[in-house]
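Participant: Have a look at this one.
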Amino acid sequence: SAGVIVPCENSPVCTPLFPVKKIKDHGQPTECRFVQDLQAVNAAVQPRAPTVLNPYTILLQVPPTVKFFSVVDLANAFFSVPVNPDSQYWFAFQFNRKSYTFTRLGQGNVESPTIYNAALKASLDKLILSSHSALLQYVDDLMVCSDTEEACAQNTIALLKHLQAEGHRASRSKLQFVRRKVIFLGHVITADGKSISPKRIEAIQQLPHPCTKKQLMSFLGMCSYCRNFIPNYAVLEAPLRALTTSAHAPSNTLQWNPP
Numbered sequence: 001s002a003g004v005i006v007p008c009e010n011s012p013v014c015t016p017l018f019p020v021k022k023i024k025d026h027g028q029p030t031e032c033r034f035v036q037d038l039q040a041v042n043a044a045v046q047p048r049a050p051t052v053l054n055p056y057t058i059l060l061q062v063p064p065t066v067k068f069f070s071v072v073d074l075a076n077a078f079f080s081v082p083v084n085p086d087s088q089y090w091f092a093f094q095f096n097r098k099s100y101t102f103t104r105l106g107q108g109n110v111e112s113p114t115i116y117n118a119a120l121k122a123s124l125d126k127l128i129l130s131s132h133s134a135l136l137q138y139v140d141d142l143m144v145c146s147d148t149e150e151a152c153a154q155n156t157i158a159l160l161k162h163l164q165a166e167g168h169r170a171s172r173s174k175l176q177f178v179r180r181k182v183i184f185l186g187h188v189i190t191a192d193g194k195s196i197s198p199k200r201i202e203a204i205q206q207l208p209h210p211c212t213k214k215q216l217m218s219f220l221g222m223c224s225y226c227r228n229f230i231p232n233y234a235v236l237e238a239p240l241r242a243l244t245t246s247a248h249a250p251s252n253t254l255q256w257n258p259p
């Protein structure tokens with residue numbers, strides 16, 4: 001009904017669509033979202049140079065004088081960016097023996113994060129915040145930070161109104177409104193500094209031992225996200241990183257010595 005999906009006849013492309021469980025906190029009801037496997041499409045695309053800053057660089061932009069924070073998470077963010085009608089056939093799929101396609105950017109498209117990040121940044125550049133405040137953006141995750149509670153509230157409300165006027169939707173359940181401590185990009189942010197969120201630490205602790213090179217690369221990716229909080233990380237990582245650059249195939253089994 002929103003026009004995000006439309007019938008698509010005679011497309012030369014048809015990619016798989018399957019449900020994936022959303023990661024929820026303990027005790028919350030299980031939800032699923034549909035994910036499109038666009039590996040074949042992505043292989044045919046020459047992606048533009050990414051413009052999304054890494055989280056560490058973004059967090060360095062937090063002004064040292066701020067004390068209050070708000071975090072805004074945009075809902076179905078990619079759907080706010082339309083796809084040119086001449087390119088929509090690339091995202092075709094079948095359901096109940098009928099062909100459909102997306103008219104908006106979708107999850108799994110190699111270009112989606114870069115395109116969306118640039119589009120949202122251009123939109124947010126029109127927004128003017130009060131002095132001694134900052135707005136940080138990582139794709140569809142936003143954080144407002146100000147030196148006073150009143151300024152943070154005013155800036156957050158101005159941001160929400162601007163997003164609505166520009167056609168974006170914010171998640172009410174994920175909104176962190178004017179707090180002294182927030183979770184942003186997997187970090188706990190306060191006026192005193194930043195630390196790794198307990199949820200991210202728990203996620204790493206619960207990971208099984210990687211048994212293939214591909215699994216090891218995924219594990220190191222999660223750990224590397226926290227490298228600034230791990231003393232001598234490069235030294236600790238080196239023997240594991242060496243395994244990922246060896247001649248072993250990604251599916252080869254890794255052998256672990258007994259603890």
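The sequence shown: position 245 = 245 (UniProt numbering), numbered continuously.
Idealized CB from N, CA, C, for every residue including glycine.
Do Leu220 and Leu254 have their CB atoms nearer than 8 angstroms?
Facilitator: Their beta carbons are not under 8 angstroms apart, which means Leu220 does not touch Leu254 by this criterion.
Participant: According to the Cβ coordinates, are Asp37 and Asp140 closer than 8 angstroms?
Facilitator: Taking 8 angstroms as the Cβ cut-off, Asp37 and Asp140 do not qualify as a contacting pair.
Participant: Taking just the CA atoms, how far does Ala92 sit from Ser11?
Facilitator: Cα-Cα distance, rounded: 7 angstroms.
Participant: Check the C-beta distance from Lys181 over to Thr190 and give it rounded, since I have them as a contact under 8 angstroms.
Facilitator: With 8 angstroms as the limit, Lys181 and Thr190 qualify as a contact, their Cβ atoms being about 5 angstroms apart.
Participant: Thinking C-beta only, is Ile5 closer than 8 angstroms to Phe78?
Facilitator: No, the Cβ-Cβ distance between Phe78 and Ile5 is not below 8 angstroms.
Participant: Between Val20, Val41, Ala40 and Thr114, which has its C-alpha nearest Phe34's C-alpha?
Facilitator: The option with the nearest alpha carbon to Phe34 is Val20.
Participant: I need the DSSP call for Thr101, collapsed to helix, strand or coil.
Facilitator: In the structure shown, Thr101 sits in a strand (DSSP, three-state: E or B).
Participant: Rounded C-beta distance between Asn117 and Val52? I'm assuming under 8 angstroms.
Facilitator: The pair is a contact, with the Cβ atoms about 5 angstroms apart (cut-off 8 angstroms).
Participant: Taking 8 angstroms as the cut-off, does the segment 106-121 touch the segment 46-64 (at least 3 CB pairs, one atom from each stretch)?
Facilitator: Contact holds: three or more Cβ-Cβ distances are below 8 angstroms.
Participant: Taking the continuous alpha helix (DSSP H) assigned at Ile115, which residues delimit it?
Facilitator: Taken as a continuous stretch (DSSP letters only), the alpha helix (DSSP H) holding Ile115 covers Ser112 to Leu124.
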